[in-house]
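Participant:
Residue numbers (full-length UniProt numbering): 1 to 73.
1. Distance, Cα to Cα, residue 19 vs residue 50?
2. Go ahead and pull the three-state DSSP assignment for residue 103.
3. By alpha-carbon positions, which one of 70, 73, 58 and 7 ends up nearest to residue 39?
4. Straight-line CA distance for residue 44 to residue 14?
5. What is the rounded straight-line gap between the Cα of residue 37 and the Cα of residue 30?
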């Protein structure tokens, strides 16, 4: 019998960039701190970083959603 396991990076087409690693780590820390809704997640990112590359550094809902869509392509 062959066991089927999820490969966590099975959809990845390339290695993560340093920015993507930092963003992922910050999002994980925000979730661990109980920030599960978008406004509180964005507050955390604005406090802890990394800065948003689509704006002057400030995270907002539009920039976050646009960046997540790009990263998901």
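Yeah, the Cβ is synthetic: ideal placement off N, Cα and C, and Gly gets one too.
Fair warning: this is a prediction, and the values are worked out from it, not measured in the lab.
Facilitator: Answer, in terms of the structure:
1. Roughly 8 angstroms between the two C-alpha positions.
2. The shown model of the chain, from 1 to 73, leaves out residue 103, and the question about it has no answer.
3. 58
4. 27 angstroms
5. 10 angstroms
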